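Student: Here the sequence shown stands for residues 1 to 326, numbered as in UniProt numbering.
Each residue gets a CB set at the ideal place from its N, CA and C atoms; glycine is no exception.
Computed from a prediction, not measured in an experiment: that's the story for all the values here.
Submitted below is the structure of interest, expressed as structure tokens.
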Amino acid sequence: KIIEYGGSSVLGGVWWRWIRLKNLPNPERLLIIATMPGQKQILSFFKPVGASKRLLSTEDAEKAPKRARKGEGSEEPASADEIERKRLLAKLKLRCRATPVLTESFGLGWFAALEAEFSKDYFHELSRFVMEERQRHTVYPAHEDVFAWTRCCDIDKVAVVILGQDPYHNPGQAHGLAFSVPKGVAVPHSLINMYRELEEDVPGFQKPPHGNLTGWAEQGVLLLNACLTVRAHAANSHKDRGWEKLTDVVVGCLNKRRSNLAFLLWGAYAQKKGAIIDRKRHLVLQCAHPSPLSASRGFFGCRHFSKANDYLAQHNRPPINWGQLP
1 KIIEYGGSSV LGGVWWRWIR LKNLPNPERL LIIATMPGQK QILSFFKPVG
51 ASKRLLSTED AEKAPKRARK GEGSEEPASA DEIERKRLLA KLKLRCRATP
101 VLTESFGLGW FAALEAEFSK DYFHELSRFV MEERQRHTVY PAHEDVFAWT
151 RCCDIDKVAV VILGQDPYHN PGQAHGLAFS VPKGVAVPHS LINMYRELEE
201 DVPGFQKPPH GNLTGWAEQG VLLLNACLTV RAHAANSHKD RGWEKLTDVV
251 VGCLNKRRSN LAFLLWGAYA QKKGAIIDRK RHLVLQCAHP SPLSASRGFF
301 GCRHFSKAND YLAQHNRPPI NWGQLP
């Protein structure tokens, strides 16, 4: 009756048994017992109440099987990549407590590249500002979606970069990818014009019935806004609060760390932000913004989508399937 649950398994010729006891101050305390077949039963190992020998903790429980397996070759040790992933995840969790604008779902590849920024004064101030804004106003996108671009498009898989300016500021639109909206939301005018250009530029492209561009991001298209949050119904309301510094670092990191990327810079704002890009190292394509106010002044007919694919092919990289928007 003192045992809440238990179990056993045979590993390396040793019979490992474990139980969790009831009514202990720490309910996660476990007792781990290794026996050879034919030895005494598990309850015979209990000492009277007040025995000085401590029970093993869950940490001990995790280590015990590892000690038993050491040198036996029954399982491969954790890879260097897995060790690094766990290290970064632990650091990310700590950083989220210090700067809660971050989320634990932040892409770890991007976190490793940008980690130094998150301890700087401007980012602490930015975090406080955004979290206070969320308490007082409706802010888009949702907290968990602000860094969706880091999850959908790993830094080492980026092939094409499309820069935007500000998240959509109407309900249900912004979800962390520039120009993109969730399924079920009306396709914005700028994206309608992008689809129109694709129909003219890319053979076989068929306009999808939605505006969710996650399919592009998963292929290596980084859809990055310069500013990552906005107050509802107030365009540019989070401008010059610190996001631009962070996204400048993102662009600079890609410029130096990667080679043979295609940057699509639409409109004066994106072109100014992309001024640091090394034109000898990357392809930079510039034209008017796809907004209805400017699309007819150079966006239509720019053929940026096919030009980006031609460039990728020249450098032995797979092209983007622009129609892959399930």
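For residue 273, count the other beta carbons within 10 Å of its own beta carbon; 16 or more makes it buried, fewer makes it exposed. Which is it?
Tutor: Residue 273 is buried by the Cβ-count criterion.
Student: Going straight from the alpha carbon of residue 326 to that of residue 85, what length do you get?
Tutor: 30 Å
Student: Grouping DSSP H, G and I as helix and E and B as strand, with all else coil, what is residue 309?
Tutor: helix
Student: Evaluate residue 83 with the Cβ neighbour count: other Cβ atoms within 10 Å of its Cβ, from every protein chain shown; 16 or more gives buried, anything less gives exposed.
Tutor: exposed
Student: Name the residue from 131, 89 and 157 whose alpha carbon lies nearest to the alpha carbon of residue 99.
Tutor: Per the Cα distances, 131.
Student: Alpha carbon to alpha carbon, how far is residue 161 from residue 263? Give it in angstroms, no decimals.
Tutor: 5 Å
Student: Just verifying my parser: in three-state terms, what is the DSSP assignment at residue 249?
Tutor: Residue 249 carries a helical assignment under DSSP once its states are collapsed to helix, strand and coil.
Student: Considering only the alpha carbon of each residue, which of 79, 250 and 198 lies closest to residue 225?
Tutor: 250
Student: In the DSSP assignment, the beta strand (DSSP E) including residue 164 goes from what residue to what residue?
Tutor: 160 to 164
Student: Compute the Euclidean distance between the alpha carbons of residue 269 and residue 158, then round it to the nearest angstrom.
Tutor: Within the model, the alpha-carbon separation for residue 269 versus residue 158 is close to 21 Å.
Student: Can you round the beta-carbon distance between residue 241 and residue 126 to whole angstroms, since I take them to be within the 8 Å contact cut?
Tutor: Yes, residue 241 and residue 126 are in contact; Cβ-Cβ is about 6 Å, under 8 Å.
Student: Hey, how far is the Cα of residue 77 from the Cα of residue 87?
Tutor: 16 Å
Student: In terms of residue numbering, what span does the beta strand (DSSP E) encompassing residue 222 cover?
Tutor: 221 to 225
Student: Taking residue 211 and residue 188 to be in contact with their CB atoms under 8 Å, please state how far apart those CB atoms are, rounded to whole angstroms.
Tutor: 6 Å
Student: For the pair the stretch 299 to 306 and the stretch 190 to 199, tell me if three or more CB-CB distances fall below 8 Å.
Tutor: yes
Student: For the alpha helix (DSSP H) that residue 130 lies in, which residues bound it at each end?
Tutor: 121 to 136
Student: Tell me the residue span of the beta strand (DSSP E) that contains residue 287.
Tutor: 283 to 287
Student: I'd like the span of the alpha helix (DSSP H) that includes residue 88, first residue to last.
Tutor: 80 to 98 is the span of the alpha helix (DSSP H), which, as asked, contains residue 88.
Student: Using a Cβ-Cβ cutoff of less than 6 Å, which residues in the same chain neighbour residue 289 once the five nearest sequence positions on both sides are dropped?
Tutor: 266 and 267
Student: If you drop the 5 nearest sequence neighbours on each side, which residues of the same chain put their C-beta closer than 8 Å to that of residue 63?
Tutor: With a pLDDT of only 47 at residue 63, under 50, the local geometry of the prediction cannot be trusted, and no value is derived from it.
Student: Going by the beta-carbon positions, is the gap between residue 223 and residue 275 smaller than 8 Å?
Tutor: no
Student: Mind pulling the alpha helix (DSSP H) runs of 4 or more residues that sit fully within the stretch 169 to 242?
Tutor: 189 to 201 and 214 to 217
Student: Name the two residues that bound the continuous alpha helix (DSSP H) containing residue 149.
Tutor: 148 to 152
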